[in-house]
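Below: one structure, written as structure tokens.
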Amino acid sequence: MKTNLPKTAIVVLILALLGSVWLSRCAARDRSSIVQPARRTAAGFGKFMSQLSWIRLTQLRGAGSAQEKDVAAMLQRRFETITDLDPLFADAYEQGAMDIAHAAPEDALRLLDKALAVEKLRNWKIPVTAGFIAMRQLKSADRAAAYLEKAVRLPDCPSYAHRMLIYAKAQQVDNEPFAVLNLWTDYLGARERTGPGELGAMPFLAGAGEMRSGEDRERVLARVSELSQQVIADSQAQLAKESDPARKTELQTRIEQTQNIIGLVYGGQHICAKCFRKYAAGDRFCAHDGTEVAPYGVCPAGHVMHGSFCHLCGRAAK
Amino acid sequence: MNDLFTICKTTYTRILRTRALYLLLAILLLIVAAAHLYHDLTMGREKELMFDTGAVVLAVVGLLTGLVVVFDVARDMREKLVVTLLSKPLGRTQYLLGKFAGVIWAGTINLAILTAGISALLYLENGSGRPEFLKAAFGAWGAMVMATGIGVLLITFLTEIPAVILTLLAFGLGHATERLYQSQWTIGSILFGVLPNFALLQFKSELSNGLAVDWSLIGLSVAYACVYTVALLSVGAILFHRRDLA
Amino acid sequence: MNVIETTALTKEYLVGWRNQTRLLALDDLNLQVGAGKIFGFLGPNGAGKSTTIKLLLGLITPTKGTGTLMGISIHDKNARERVGFLPEDPSFCTYLRADEFLELCGKMLHLERAARRQRIDELLDLVGLAEKRRTKIAEFSRGMMQRIGLAQALMNRPDLVLLDEPLNGLDPYGRKELKTILHRQKAEGKTVFFSSHILSDVQEMCDEVGILNRGRLIAAGRLSDLLTARHMALSVPELEMDTLKRLEPLATSITRQQQRWHVQLKDPSCKDEAGAVLRQAGQSAIEVHAQSETLEEFFFRRIEEDDHERPVHNL
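Chains as they are written, first to last, in the working numbering: chain Z, 17 to 334; chain F, 219 to 464; chain C, 9 to 323.
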């Protein structure tokens, strides 16, 4: 016995199915640019389960020393689970890698590589941690530099990551002073470099001159001064012993370039001729090495001036 | 339409007269609030935990709403109330849609209460509002609509326990369907559109981790859930039309 | 126009392992019920009485055949607009109060608010639940459930009231009240169709009956037409010995009661012969007493005959 089929329902069904197929594909396409799919399906509760696993793991992390291989292996498994459930869980990658780095540095780096493969996870801590582990545990300047190169491109990356990169690159050139000097100079955003470009352009130049604090800049300037002094001293010593004219020319050029760098870096500021450190107004001797320096900012009586006229004797500057 | 509204209102009234419901909502809010105490155990991530717990609570309530419709219709059939109702000039489709609408109405109110409560808790915890939680709430609402549609479809031809089990299975497996997506038109991509896809409504991880999720994507996903549910209800209406009810 | 009319209405179920067994619940039912009657639908358990009612209400789908309620196909929900139904062992919205439940029924019957409210008051008074109007149905006893069920069945003053085993669960007072209500329905020109297996009540109330056995309608019609004379007796004031002897072969007993001779005939067909013998003996004041079979006797007889014609095949 045939009953009346709800024809309207069939028509609605077909239209709705077509509509849902289209809408689902549109949503999936738009979603792919925003959402990071989890490696483990947990019926939509992956994020929450990763939190619960994190709470449990917090208790386990104190259960034994992560320096022991079996403890490190246990921690690694759990961190892998957490990050499979929530690929965007940045702290899990970072802290997990640090926990197991001593016992299993390669596994730690593998964990961090997993994080770096997550496009949506743009967290500078991941590559910085990887660079740190590569440098300290694996003693690999090349791998450290590769990670830190990625770190300095990420937003909010702190200045110490830049300095870590320079240290890594310095190790790549066996800490040769002139090469290292050029690295630091580039970091300061020097407008002009006259040295050979064997190390390649530093990608973070733009805006890298904006130090987070005055302390950062002073520290870097001190390093530049120190290296400059070392380069000039070494070059002058070699120049005295060198007989080859070509080599002599090269050394002389190096000295000039270093002096040029000092000039560019300090740009008209009062610096000691020997150690290239700044000295303050009224100073007669360099505070770092005792070398006599030409005082500035003093009146004819030798008082430090605070303005155009001396506040003690009323005279203008020398 | 009036008949549909009558069934809807009766269903909604029955659900809201259940005292256990308010106890459940209160307990769920307490569970979310308890995340505040987990500062040490989460190593300073109690704020994220509270957000995630809140999002999960909404998802669970949405899923339970889908099961409520299974139990409700099954009870009507078991107690032969459906016989009394359908002996009146009430169409079977109107009955089914009325049940669906009533359950969704009650579920929406539950979700609204929870969203307001959890948002307040997040505000107290963070010192400022977290408007992205509202996006998670919309996603949960879409999932609730779809889960309820699946429940309605299954109860039209299954008994209570199999319908509940399959609804739960559909919810679970529906989060894996997104792996079938391909940009080209293949069998897998067609299945992707035909099978329920709850993953499209999940934004918990992204919102909790501070990624920007546009309202247009939320709207698109919820629209998908609504249109897919229409398809489910159509199939349910066809099956229910031919079912012997007594 | 018949209030209920079915043509070859059949319902077959597929049961058992992999639905391989066919169970014929209703077989080719042709039934007509006119207006303004009380129709009793009888049958043993499992005969198909409830199946018939459910088919008429569209609760189950027929395998074959058609049916109409007041001229409207049973597949059209509008056919139920003027029908009231009380199911067997009714269960209603237990979370609602009595008045709320009737309010719900009234809305589904598309009654206006004022008419609805008035009708609720009337029905609660009619079924004796006026004091329980604000009591939740969950707290009702079985008898009260039956009463509220009757109230919802009469909500829209239906032209046809279908009742499935309505007397179940009622005490004697309840049964009496129900019978009164149903008679009142008939007096108002409504049709009452109810199934029952309490034959005495059916015989007392119904104008017409239908008997169902294993899905087939084996008898239907007016009670007076269906119930044949079973016993016949002739009584005369005087009876002589030779007349008595001539009557002996035709009678099971000849007795004298209350100053008359009663001749209990062996078979009603002997009436003419016995009457001729008495008239030949000069008797004129012959009283004929016919005793019909009861509905119960008719019911068992027809069932037995049908079982004989259609033997039961036990699996």
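We put the beta carbon where it would ideally sit given N, CA and C, even for glycine.
The model shown is predicted, which means the values in this text are computed figures rather than measured ones.
| Item | Value |
| --- | --- |
| Chain F within 8 angstroms of residue 56 (chain Z), Cβ atoms only | no |
| Interface flag, residue 312 (chain F) vs chain Z, CB-CB below 8 angstroms | no |
| Proximity test, Cβ basis, 8 angstroms: residue 411 (chain F) and chain Z | yes |
| Test: residue 22 (chain Z) CB closer than 8 angstroms to a CB of chain F | yes |
| Identity of the residues DSSP links to residue 269 (chain C) by a beta bridge | C:244 and C:264 |
| Proximal residues to residue 444 (chain F) (C-beta, below 8 angstroms), its chain only, five neighbours per side dropped | 360 and 363 |
| Backbone secondary structure at residue 191 (chain Z) - three-state DSSP | coil |
| contact_flag[the region 41-57 of chain C, the region 449-460 of chain F] where n(CB pairs < 8 angstroms) is 3 or more | no |
| Alpha carbon of residue 80 (chain C) to alpha carbon of residue 386 (chain F), nearest angstrom | 43 angstroms |
| Distance between residue 404 (chain F) and residue 340 (chain Z) (C-alpha atoms, nearest Å) | This structure cannot settle anything about residue 340 (chain Z), because the visible part of chain Z is limited to 17 through 334. |
| Residues bridged to residue 219 (chain C) (per DSSP) | C:50 and C:227 |
| C-beta contact flag for residue 91 (chain C) and residue 158 (chain C) at 8 angstroms | no |
| Paired residues, beta bridge with residue 12 (chain C) - DSSP | C:41 and C:77 |
| Buried versus exposed, by CB contacts within 10 Å (16 or more), residue 302 (chain Z) | buried |
| Any chain F beta carbon closer than 8 angstroms to residue 306 (chain C) | no |
| Bounding residues of the beta strand (DSSP E) (the contiguous stretch that carries residue 313 (chain C)) | It is not in any beta strand (DSSP E) - residue 313 (chain C) instead sits in the alpha helix (DSSP H) that spans 303-317. |
| Cβ-Cβ distance between residue 102 (chain C) and residue 146 (chain C) below 8 angstroms | yes |
| Interfacial residues, the region 286-311 of chain F to chain C, with Cβ spacing under 8 angstroms | 297, 298, 299, 301, 302, 303, 304, 305, 306, 307, 308 and 309 |
| 8 angstroms Cβ cut-off: residues of chain Z touching residue 350 (chain F) | Ordered by position in chain Z, no residue passes the 8 angstroms Cβ test against residue 350 (chain F), which lies about 13 angstroms from the chain. |
| Residue interval of the alpha helix (DSSP H) (run including residue 437 (chain F)) | 433-460 |
| Touch test, the region 109-124 of chain Z against the region 137-157 of chain Z, Cβ-Cβ under 8 angstroms, three pairs minimum | yes |
| Unbroken alpha helix (DSSP H) run spanning residue 281 (chain C), endpoints | 279-288 |
| Residues within the region 251-266 of chain F neighbouring chain C, beta-carbon criterion of under 9 angstroms | none |
| Helix, strand or coil at residue 332 (chain Z) according to DSSP, with G and I counted as helix | strand |
| Cross-strand partners of residue 21 (chain C) (DSSP beta bridge) | C:31 |
| Range of the contiguous alpha helix (DSSP H) that encloses residue 262 (chain F) | Taken as a continuous stretch (DSSP letters only), residue 262 (chain F) belongs to no alpha helix (DSSP H), as it is neither H nor E. |
| Test: residue 46 (chain Z) CB closer than 8 angstroms to a CB of chain F | yes |
| Those runs of the beta strand (DSSP E) which lie wholly inside the region 259-311 of chain Z and span at least 3 residues | none |
| Limits of the unbroken beta strand (DSSP E) element including residue 295 (chain C) | 295-300 |
| Interface flag, residue 42 (chain Z) vs chain F, CB-CB below 8 angstroms | yes |
| Distance, residue 346 (chain F) Cα to residue 104 (chain Z) Cα | 23 angstroms |
| Minimum Cβ-Cβ distance from residue 363 (chain F) to chain Z less than 8 angstroms | no |
| Chain-ordered neighbours of residue 70 (chain C) on chain F, where CB pairs are closer than 8 angstroms | Those do not exist, as residue 70 (chain C) stays about 10 angstroms from chain F at its closest Cβ, beyond 8 angstroms. |
| Residue 172 (chain C): first and last residue of the uninterrupted beta strand (DSSP E) it sits in | 168-172 |
| Contacts of residue 61 (chain Z) in chain F (Cβ-Cβ under 8 angstroms) | 274 and 277 |
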